[in-house]
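Scroll down for the structure; my scribbles are underneath it.
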Amino acid sequence: MASSEFYQAHPPSPPVPLPCVPGPKLAPFTPTAHANIEFIESLGRKNDKDSLVWKVMVDGAGPFALKMFWFHHWEFLAENQRGLPGPLASPQVYVDYFDPFNNECRAYGRLKEEKREDVAVRALGYLLLTPQQEADLALMVEGRCTTPPPSADAATLNGDNFWHRHEQHRGIPVRAIVKELVPCKDPDPAQAPRMWEDLQALHSLGILVNDTHGGNYLDGKLVNFSRSRTMYHPALGHITARELKSLMWDELNDLLDYYYELANSGAGSSVIPQDLDGFCAGDYGQYKNLPTTYKWLKWAKDPEAEIAYVEQTVFGDVDY
Numbered sequence: 021m022a023s024s025e026f027y028q029a030h031p032p033s034p035p036v037p038l039p040c041v042p043g044p045k046l047a048p049f050t051p052t053a054h055a056n057i058e059f060i061e062s063l064g065r066k067n068d069k070d071s072l073v074w075k076v077m078v079d080g081a082g083p084f085a086l087k088m089f090w091f092h093h094w095e096f097l098a099e100n101q102r103g104l105p106g107p108l109a110s111p112q113v114y115v116d117y118f119d120p121f122n123n124e125c126r127a128y129g130r131l132k133e134e135k136r137e138d139v140a141v142r143a144l145g146y147l148l149l150t151p152q153q154e155a156d157l158a159l160m161v162e163g164r165c166t167t168p169p170p171s172a173d174a175a176t177l178n179g180d181n182f183w184h185r186h187e188q189h190r191g192i193p194v195r196a197i198v199k200e201l202v203p204c205k206d207p208d209p210a211q212a213p214r215m216w217e218d219l220q221a222l223h224s225l226g227i228l229v230n231d232t233h234g235g236n237y238l239d240g241k242l243v244n245f246s247r248s249r250t251m252y253h254p255a256l257g258h259i260t261a262r263e264l265k266s267l268m269w270d271e272l273n274d275l276l277d278y279y280y281e282l283a284n285s286g287a288g289s290s291v292i293p294q295d296l297d298g299f300c301a302g303d304y305g306q307y308k309n310l311p312t313t314y315k316w317l318k319w320a321k322d323p324e325a326e327i328a329y330v331e332q333t334v335f336g337d338v339d340y
């Protein structure tokens with residue numbers, strides 16, 4: 021049974037690249053991770069499960085796309101995580117490796133490490149919203165302020181508020197990622213082939229996107245890494261070949277469906293990649309860009325310490 025006393029770790033102050041676990045990270049957008057934000061218009065979909073996206077100006081610069089992340093209870097993050105060989109050591113470890121904000125920070129951090137930011141819409145850094153910014157945006161979206169501040173004297177937090185904050189999130193500011201603003205349009209025929217090339221590049225960099233449906237592409241580029249797994253990741257580093265095949269089939273079949281959707285609409289006719297089609301038809305053995313083969317320790321300043329972290333902290337003695 022989960023301990024009722026679990027509280028998610030707060031972002032460090034002064035801010036540092038996140039998440040605070042070994043592996044790739046995303047740096048703050050400003051030295052303080054705070055900024056003056058002008059909210060211009062909503063860009064996301066009403067049914068987005070992980071985030072709220074708005075067109076913004078930040079400290080007078082922009083415009084940018086600002087992706088602000090809802091809070092998720094750690095037990096929600098732990099449910100139905102495919103590929104794990106057993107329970108992780110603590111609720112915080114589930115947050116570290118499955119929270120959508122942390123997922124995006126790790127994926128974008130890897131792209132920056134490898135100088136391959138060309139394969140997705142660029143992320144420029146993260147910000148932390150102030151309580152007033154949180155309240156202002158809730159008022160703009162709902163016409164009334166329905167979210168308590170993240171302060172110590174707020175009412176009991178049970179997830180039934182605008183930002184879905186639970187008690188375990190008390191005091192934690194809303195986390196957001198500043199991204200380049202791209203046109204909200206489907207790819208043209210010249211861009212469509214690049215989507216498959218980009219996804220293969222992401223796999224070769226140790227990133228399983230896990231969510232490649234058409235709504236996650238704008239102007240031919242991936243914009244969403246909320247469900248991604250980036251090596252090292254406990255649900256990639258210890259996965260069976262059978263489970264990996266299943267996860268990759270789900271991911272690549274989503275992209276293939278999008279190609280057919282584009283072809284049927286006339287936007288991408290005759291550009292359906294034959295090797296992608298073959299993989300989804302069962303020709304798994306020919307695919308070489310498996311994310312699990314990525315040599316993640318090459319970035320480690322102390323490889324032995326990072327291996328020890330995995331063994332002792334990720335899959336150590338369960339404390340809940």
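FYI, the numbering for the sequence shown is 21 to 340, going by my numbering. All residues carry an ideal CB built from backbone N, CA and C; glycine is no exception.
Where residue i falls: helix, strand or coil (DSSP)
| i | result |
| --- | --- |
| Leu63 | coil |
| Ile192 | coil |
| Ser224 | helix |
| Pro105 | coil |
| Ser23 | With a pLDDT of only 49 at Ser23, under 50, the local geometry of the prediction cannot be trusted, and the value read off the model is given with reservation. Coil, per DSSP. |
| Leu242 | strand |
| Arg262 | helix |
| Thr232 | coil |
| Arg185 | coil |
| Ala127 | helix |
| Lys199 | strand |
| Ala81 | strand |
Contacting residues, own chain, Cβ-Cβ under 6 Å from residue i (five flanking each side not counted)
| i | result |
| --- | --- |
| Ala47 | Pro37 and Gly145 |
| Asn273 | Cys300 |
| Asp239 | Val202, Pro203 and Lys205 |
| Phe121 | Phe89 and Arg195 |
| Tyr114 | Trp94, Leu97, Ala98 and Leu108 |
Top-ranked residue by Cα proximity to residue i, from the options
| i | options | result |
| --- | --- | --- |
| Gly64 | Pro203, Thr250 and Trp216 | Pro203 |
| Leu86 | Val76, Gly129 and Lys265 | Val76 |
| Ala261 | Tyr307, Tyr279 and Glu331 | Tyr307 |
| Gly82 | Ile60, Asp70, Gly103 and Leu72 | Ile60 |
| Gly43 | Ser224, Asn284 and Thr250 | Thr250 |
| Arg142 | Pro213, Ser71, Asn244 and Trp74 | Asn244 |
| Asp218 | Leu159, Leu296, Pro151 and His253 | Leu296 |
| Leu275 | Trp216, Trp183 and Lys315 | Trp216 |
| Ala212 | Lys241, Glu200, Lys199 and His184 | Lys241 |
| Trp319 | Asn56, Gly226 and Pro35 | Gly226 |
| Leu264 | Pro34, Phe26, Leu228 and Pro32 | Leu228 |
| Pro293 | Pro209, Pro35 and Lys315 | Pro209 |
| Met160 | Leu72, Glu324 and Ala127 | Leu72 |
| Ser266 | Gly305, Asp322 and Asp68 | Gly305 |
Those residues which DSSP pairs with residue i across a bridge
| i | result |
| --- | --- |
| Pro48 | Tyr146 |
| Trp74 | Ser62 and Leu86 |
| Asn178 | His186 |
| Lys135 | DSSP output for Lys135 lists no bridge partner at all. |
| Tyr237 | Leu242 |
Neighbourhood of residue i by C-beta distance below 7 Å, restricted to the same chain and skipping five residues each side
| i | result |
| --- | --- |
| Ser110 | Asp339 and Tyr340 |
| Met21 | Low per-residue confidence applies at Met21: pLDDT is 37, beneath 50, and the placement is therefore not dependable, though the value from the model is reported in the following sentence. For Met21, where only same-chain residues beyond five positions count, there are no Cβ hits under 7 Å. |
| Ser23 | Caution applies to Ser23, whose pLDDT of 49 falls short of 50 and renders its modelled position unreliable; the value that the coordinates give is listed next. Contacts found: Tyr340. |
| Gln101 | Phe118 and Ala255 |
| His30 | Gly191 and Ile192 |
| Ile259 | Gly103 and Thr312 |
| Ala221 | Arg136 and Val139 |
| Gly106 | Phe335 |
Any non-hydrogen atom of the ligand GDP within 7 Å of residue i CB
| i | result |
| --- | --- |
| Lys132 | Absent from the structure shown: the ligand GDP. Ligands present: none. |
Limits of the alpha helix (DSSP H) - the one that residue i falls within
| i | result |
| --- | --- |
| Gln112 | Pro111 to Phe118 |
| Leu97 | Trp94 to Ala98 |
| Cys40 | Cys40 -> no alpha helix (DSSP H), and no H or E assigned at all. |
| Pro151 | Pro151 to Glu162 |
| Asp295 | Gln294 to Cys300 |
| Gly257 | Pro254 to Gly257 |
| Asp324 | Per the sequence presented here, residue 324 reads as Glu, with Asp not at that position. Pro323 to Tyr329 is the extent of the alpha helix (DSSP H) around Glu324. |
Proximity test, Cβ basis, 8 Å: residue i and chain B
| i | result |
| --- | --- |
| Thr313 | Absence of chain B from the displayed structure is noted, only one protein chain being present. |
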